[in-house]
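S.K.:
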Amino acid sequence: MSLELKIQSLKLNEGENPVRKKAIIVAVAGNPNSGKSTLINAIAGTRLQVGNWPGVTVEKKTAVFEYEGRKIKLVDLPGTYSLSPYTQEEIIARDYLVHEKPDVIIDVVDATNLERNLYLTIQLLELGIPVVIALNIYDEAMKKGYKIDIKAMEKMLGVRVIPTIATKKSGLKELLKAITEIVDNPAIHIPKRLHYEEDFELAAASVESYIKTTYPHLAEKYPLRWFSFKLLEGDQHVLQEINLSENETFIKDIREHLKRSHGDDIESLMADERYAQASGLTHEVLKKPETRKIEMTEKIDRIVLNRFFGIPIFLAAMWLVFKLTFDVSGPFADWLDAMITGPFKRWAETILGFIHAPEWTVSLATDGIIAGVGFVIVFVPVIFAMMFFITFLEGSGYMARAAFVMDRLMHAIGLHGKSFIPMLLGFGCNVPAIYATRVLENPRDKALTALLIPLMSCGARLPVYVVFVGAFFPHNAGTVIWSLYVMGISLAILMGVIFKKTLFKGEAPVFIMELPPYRMPYFRSLMIHTWEKGKHFLIKAGTYILAVSIIVWFLLNLPWGVENKRDSYLGKMGQVIAPVLEPLGFGKWEAASSLVAGLIAKEIVVGTMGEIYVPKLEDKKEEKPSLTEDLKEIGTSLVSAAKDSIANIFSTFGIASLSSEESPEMKEERESLRNVIRKQFTPLTAYAFMSFVLLYMPCVVAAIALRQEFGTWKWYGIAFVYQMALAWIVAFMIYQGGKIIGLG
Amino acid sequence: MNLSMLKPGEAGKITSISAIGPLKRRLMDMGVLVGEIVKVEKVAPLGDPIEVTIKNYNLSLRKKEAEGIEVEVVK
Chain D
14 MSLELKIQSL KLNEGENPVR KKAIIVAVAG NPNSGKSTLI NAIAGTRLQV GNWPGVTVEK
74 KTAVFEYEGR KIKLVDLPGT YSLSPYTQEE IIARDYLVHE KPDVIIDVVD ATNLERNLYL
134 TIQLLELGIP VVIALNIYDE AMKKGYKIDI KAMEKMLGVR VIPTIATKKS GLKELLKAIT
194 EIVDNPAIHI PKRLHYEEDF ELAAASVESY IKTTYPHLAE KYPLRWFSFK LLEGDQHVLQ
254 EINLSENETF IKDIREHLKR SHGDDIESLM ADERYAQASG LTHEVLKKPE TRKIEMTEKI
314 DRIVLNRFFG IPIFLAAMWL VFKLTFDVSG PFADWLDAMI TGPFKRWAET ILGFIHAPEW
374 TVSLATDGII AGVGFVIVFV PVIFAMMFFI TFLEGSGYMA RAAFVMDRLM HAIGLHGKSF
434 IPMLLGFGCN VPAIYATRVL ENPRDKALTA LLIPLMSCGA RLPVYVVFVG AFFPHNAGTV
494 IWSLYVMGIS LAILMGVIFK KTLFKGEAPV FIMELPPYRM PYFRSLMIHT WEKGKHFLIK
554 AGTYILAVSI IVWFLLNLPW GVENKRDSYL GKMGQVIAPV LEPLGFGKWE AASSLVAGLI
614 AKEIVVGTMG EIYVPKLEDK KEEKPSLTED LKEIGTSLVS AAKDSIANIF STFGIASLSS
674 EESPEMKEER ESLRNVIRKQ FTPLTAYAFM SFVLLYMPCV VAAIALRQEF GTWKWYGIAF
734 VYQMALAWIV AFMIYQGGKI IGLG
Chain Y
6 MNLSMLKPGE AGKITSISAI GPLKRRLMDM GVLVGEIVKV EKVAPLGDPI EVTIKNYNLS
66 LRKKEAEGIE VEVVK
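Residue numbers (the numbering used here), protein chains in the order written: chain D, 14 to 757; chain Y, 6 to 80.
1) Rounded to whole angstroms, what is the Cα-Cα separation between D:Ile742 and D:Asp458?
2) Per DSSP, what are the beta-bridge partners of D:Pro522 in this structure?
3) Specify the secondary structure class of Y:Ser21 as computed by DSSP and reduced to three states.
4) So which residues of chain Y does D:Ser97 contact, with C-beta pairs closer than 7 Å?
5) DSSP three-state call for D:Ile368: helix, strand or coil?
6) Just checking: is the beta-carbon of D:Asn455 within a distance shorter than 8 Å of some beta-carbon in chain Y?
7) What does a CB cutoff of less than 6 Å around D:Ala398 pick up in its chain, not counting 5 residues either side in sequence?
8) If the criterion is Cβ atoms closer than 8 Å, does the pair D:Ala351 and D:Ser650 meet it?
9) So, are the CB atoms of D:Asp71 and D:Gln101 less than 8 Å apart?
10) Pull up the distance between the alpha-carbon of D:Ala610 and that of D:Tyr735, whole angstroms please.
11) Just tell me which of D:Ala744, D:Val172, D:Tyr228 and D:Trp728 has its CA closest to the CA of D:Leu464.
12) Against chain Y, with Cβ distances strictly below 8 Å, would D:Phe417 count as a contact?
13) Among D:Ser639, D:Gly620, D:Ala614 and D:Asp580, which one has its Cα closest to the Cα of D:Trp602?
14) For D:Asn44, does the three-state DSSP call read helix, strand or coil?
15) Assign Y:Ser65 to one of two classes, buried (16 or more other C-beta atoms within 10 Å of its C-beta) or exposed (fewer than that).
16) Output, in sequence order along the chain, the residues in the region 39 to 52 of chain Y whose CB is closer than 7 Å to any CB in chain D.
17) Mind checking D:Trp239: buried by the 16 CB within 10 Å criterion, or exposed?
18) Opposite Y:Asn63 in the DSSP bridges: which residues?
19) What do you reckon, are the CB atoms on D:Gly427 and D:Ala415 nearer than 8 Å?
20) State yes or no: is the beta carbon of Y:Ser65 nearer than 8 Å to at least one beta carbon in chain D?
21) With DSSP as the reference, label D:Arg83 as helix, strand or coil.
22) Does the region 293 to 303 of chain D come into contact with the region 154 to 161 of chain D, if we say contact requires no fewer than three beta-carbon pairs (one atom in each stretch) closer than 8 Å?
23) So which residues on chain Y does D:Ile781 lean against when the C-beta distance must stay under 9 Å?
24) Using a Cβ cut-off of 8 Å, pull out every chain Y residue sitting near D:Ala718, in sequence order please.
25) Are the C-beta atoms of Y:Asn7 and some chain D residue less than 8 Å apart?
26) Take D:Ala106 and list the residues in its own chain whose beta-carbon comes closer than 7 Å to its own, dropping the five residues that flank it on each side.
27) Have a look at D:Leu504, D:Val561 and D:Ala179 and flag the residue whose alpha-carbon is nearest the alpha-carbon of D:Ala744.
28) In angstroms, rounded to a whole number, what distance separates the CA positions of D:Leu528 and D:Ala413?
29) Can you name the residues of chain D whose CB is closer than 8 Å to the CB of Y:Glu70?
30) List the DSSP bridge partners of D:Arg579.
31) Using beta carbons (cut-off 8 Å, strictly below), is Y:Lys60 in contact with chain D?
32) For D:Ala165, I'd like the list of residues in its chain whose CB is within less than 8 Å of its CB, leaving aside the five on either flank, ordered along the chain.
33) Which two residues bound the contiguous alpha helix (DSSP H) that contains D:Arg537?
34) Do we get a CB-CB distance below 8 Å when we pair D:Glu254 with the residues of chain Y?
35) Determine, for D:Val285, whether the minimum Cβ-Cβ distance to residues of chain Y falls below 8 Å.
36) Within 10 angstroms of the Cβ of D:His202, are there 16 or more other Cβ atoms? Answer buried if so, exposed if not.
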């Protein structure tokens, strides 16, 4: 796939070329906010495949498609401002370019911000790979009255420059055409050498010839000019890779000489030089209008980042995002749940009954597999909704503002301003919250945020509180539940500070962030990202979750035919664990077993308790609805779910009123559970138990989200251990402390 | 005088950058270079970070990082 190979075979045969069957590899590079993803989405659309770069959590997008009979493979590099080796994104982009040697680089340049974008372009040109510039967001530049001399730009850089407006799909054909032209004739499309100051040119030239003679294998492996510059800069990443000492005498001498005559570190000098080139180029090709209009972004920011309004606006925006994420997806999740536990389960039972399947297989299929599938599927709407709103916040430019407003607060516990949003979503459900940590670029910020998210009391913990608070604190219900939320937040702050000083010791990542202009996100991009994430969750995470729920089914029901839950594997596990919980005030097998079952999802703690304490009344033989009735039910309830979803949007704005209906049976069941609990717990042990449920291990879906997002079980392991310890210690302190002051 | 001391609306010319290593390189990659004019636009509602314009775009950084950027005030 190397360039030389391609040139050779092109020379061999101009017409029916076998190489043309091979995909043209096109790397897409560019600054963040240059409209790079929009451009890729516009070109590739649904052919886009989203994965991760090997070994890291950075997203990798690729697409293979045909253009005029040629196969083209687009590889999206992470958005970077530079190719220096300090961020994960930069290292990925540059390793790919240097080692994989794509056939062409598309450099997406924001036409409204030419100078800073050209700084990256200049570094790309040094790699000796043909480059084509997509001068993107061209319409906005025109609107601002910018005049860009494209011919002059092409001449000065020696590369093709194609104006594009990705959001309107304009210029894309020309871009693809330029790529095929370049591949057909790469030799004349090698970018120009831009000249550095004479001293640097001389130094680079002598390093080049030194490498060629002393290390010929390196000269073949790396683009020579780029390589020499990196050696001059003393680039640690490159030096490590080739196992060459910084003190290699020859190079050291040249570096010392440069330092003596220029009096600064060479890396900075090179950056200065590159910016000088970018600035010179910009001056040559760009004419700006004399008077500058006050721009929309400026006007919006005057309000949005205002000293007094900034925070209220931010909080209002966050409340809206939270409500929309969970309220819009909620009715669909309920609908899916009802469909799967209702008609689907009934159908499976009917079919299995018809073929006289043994009772345990029916139970496995319905309570294990179908319930498991249902369990995975109910998460899908919320993942979709979260992804949609997060992508919207990022694409619109507000995410950076949110980080700007919140950074002071979040920085205090060692987090980044952007951490606020994933943490907030955690109150709805930890699973989308963990996926939302992708807004954080730095791996340290991301990991720390994800570790603290499980301390945000999610919606699944609420049913546990409701049952216990109803049984013991009916008159202070609100205060008690509120105290648990506050406990979670306080412990997150405490753990944040502890982690900062232990697990994440050392220099905190810097906060140097662009505040990009506000832009309307491109709807197609939003949809593609949302769809990809939802699909990914369903397939990748779904498999794991299904497996775990089947295992739990076995635990609950085996040995087959146990009358008393105490004799099931789960009951036996509870009996083993109970003594550990004794000092916390709830060392009973019933409580312990419920906690084990809570691994699946914390609300299951209540369900399991119900099954253990309140043996179900004999199932009423209900009349089974016919297939047509079932189908009708599916359809009408979907319509009502959609209606509820829309109504919820309005109720978010306080127009409609939400009436949650609860069947009398559910109320009755909960009351009888409360009656038993009142005998088994005291107010003190109940509070200790609720605290334990709040804090102990993340549920299995959160665990899988952690695994998916970080590509390793490491962070789940850490979360599991610290949360278990924290839950035990806190419950211990509450129970023992309460006993001492006479609350027991 | 360093960048963190400038008030919103004030501008300065960068005279030196005392940061080292990754932080310095990151600043330079973002166009924060000696000789560049930098204008403070806003301070975040909670007092940190700050927003500046440099090279025709908006950048935010924490005061701690701004302290390492020496400037002389320009009118």
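Every residue gets a Cβ at the ideal spot worked out from N, C-alpha and C, and that includes glycine. The structure displayed is predicted, hence computed values, not measured ones.
M.R.: Answer, in terms of the structure:
1) Indexing the first sequence from 1 puts residue 742 of chain D at position 729. Indexing the first sequence from 1 puts residue 458 of chain D at position 445. Cα-Cα distance, rounded: 26 Å.
2) Locating residue 522 of chain D in the first sequence gives position 509, where the first residue counts as 1. None; D:Pro522 has no bridge partner.
3) By 1-based counting over the second sequence, the position of residue 21 of chain Y is 16. It is a strand residue.
4) In the first sequence, the residue the question calls residue 97 of chain D occupies position 84. What D:Ser97 touches in chain Y: Arg30 and Asp34.
5) Residue numbering aside, residue 368 of chain D sits at position 355 when the first sequence is read from its first letter. If DSSP states are grouped into helix, strand and coil, D:Ile368 belongs with coil.
6) Position 442 of the first sequence, counted from the first residue, corresponds to residue 455 of chain D. Answer no: the Cβ-Cβ gap between D:Asn455 and chain Y never drops below 8 Å.
7) Taking the first residue of the first sequence as 1, we reach residue 398 of chain D at position 385. Taken in chain order, the residues that qualify are Thr338, Val341 and Ser342.
8) By one-based count along the first sequence, residue 351 of chain D stands at place 338. By one-based count along the first sequence, residue 650 of chain D stands at place 637. Yes. Within cutoff.
9) Locating residue 71 of chain D in the first sequence gives position 58, counting from the first residue. Locating residue 101 of chain D in the first sequence gives position 88, counting from the first residue. First, the residue type needs correcting, since residue 71 of chain D is Val and not Asp in the sequence shown. Contact flag set, yes.
10) As a first step, residue 610 of chain D is located in the first sequence; it is residue number 597 there, counting from the start. As a first step, residue 735 of chain D is located in the first sequence; it is residue number 722 there, counting from the start. Roughly 20 Å between the two C-alpha positions.
11) By one-based count along the first sequence, residue 464 of chain D stands at place 451. That would be D:Trp728, whose Cα lies nearest to the Cα of D:Leu464.
12) Taking the first sequence and counting its residues from 1, the one referred to as residue 417 of chain D is at position 404. Yes, D:Phe417 counts as interfacial toward chain Y.
13) Position 589 of the first sequence, counting from 1, holds the residue named residue 602 of chain D. When each option's Cα is compared against that of D:Trp602, the closest is D:Asp580.
14) For the purposes of this step, residue 44 of chain D is identified with residue 31 of the first sequence, where counting begins at 1. Correct three-state label for D:Asn44: coil.
15) Residue mapping note: residue 65 of chain Y aligns to position 60 of the second sequence, counting from 1. Classification of Y:Ser65: buried, given that the 10 Å Cβ count is 16 or more.
16) Lys47, Ala49, Pro50, Leu51 and Gly52
17) As a working mapping, residue 239 of chain D is identified with position 226 in the first sequence. Per the 10 Å Cβ criterion, buried.
18) The residue given as residue 63 of chain Y occupies position 58 in the second sequence. For Y:Asn63, which the question treats as bridged, DSSP gives the partners Y:Thr58.
19) As a first step, residue 427 of chain D is located in the first sequence; it is residue number 414 there, counting from the start. As a first step, residue 415 of chain D is located in the first sequence; it is residue number 402 there, counting from the start. Contact: no.
20) The residue given as residue 65 of chain Y occupies position 60 in the second sequence. Yes, Y:Ser65 lies at the interface with chain D (some Cβ there is under 8 Å from its Cβ).
21) Mapped onto the first sequence, residue 83 of chain D falls at position 70. Correct three-state label for D:Arg83: strand.
22) yes
23) Summary: the structure shown does not reach residue 781 of chain D, with chain D confined to residues 14 through 757, and so no result is reported for it.
24) Mapped onto the first sequence, residue 718 of chain D falls at position 705. Within 8 Å Cβ-Cβ: nothing; D:Ala718 doesn't reach chain Y, min ~30 Å.
25) Counted from its first residue, the second sequence places residue 7 of chain Y at position 2. No, its Cβ sits nowhere closer than 8 Å to a Cβ of chain D.
26) To locate residue 106 of chain D, count along the first sequence from 1; it is residue 93. Hits under 7 Å: Ala42, Leu90, Pro91, Thr93 and Leu96.
27) Looking up residue 744 of chain D in the first sequence gives position 731. Ranking D:Leu504, D:Val561 and D:Ala179 by Cα distance to D:Ala744 puts D:Leu504 first.
28) Here residue 528 of chain D refers to the residue found at position 515 when the first sequence is read from its first residue. Here residue 413 of chain D refers to the residue found at position 400 when the first sequence is read from its first residue. Their backbone Cα atoms lie some 6 Å apart in a straight line.
29) Counting from 1 along the second sequence, the entry for residue 70 of chain Y is found at position 65. By Cβ distance, chain D contributes Val523, Phe524 and Ile525.
30) What you label residue 579 of chain D is simply residue 566 of the first sequence in a count that begins at 1. None, per the DSSP bridge assignment.
31) In the second sequence, the residue the question calls residue 60 of chain Y occupies position 55. Output row for Y:Lys60: interface = yes.
32) Position 152 of the first sequence holds residue 165 of chain D. Glu297 and Val298.
33) On the first sequence, position 524 is the one that residue 537 of chain D refers to. D:Arg537 -> alpha helix (DSSP H) spans Phe536 to His549.
34) Counting from one through the first sequence, the residue named residue 254 of chain D turns up at place 241. Answer no: the Cβ-Cβ gap between D:Glu254 and chain Y never drops below 8 Å.
35) Counted from its first residue, the first sequence places residue 285 of chain D at position 272. It should be noted that the sequence gives Asp, not Val, for residue 285 of chain D. Chain Y contact via Cβ: present.
36) One-based indexing of the first sequence puts residue 202 of chain D at position 189. D:His202 should be labelled buried.
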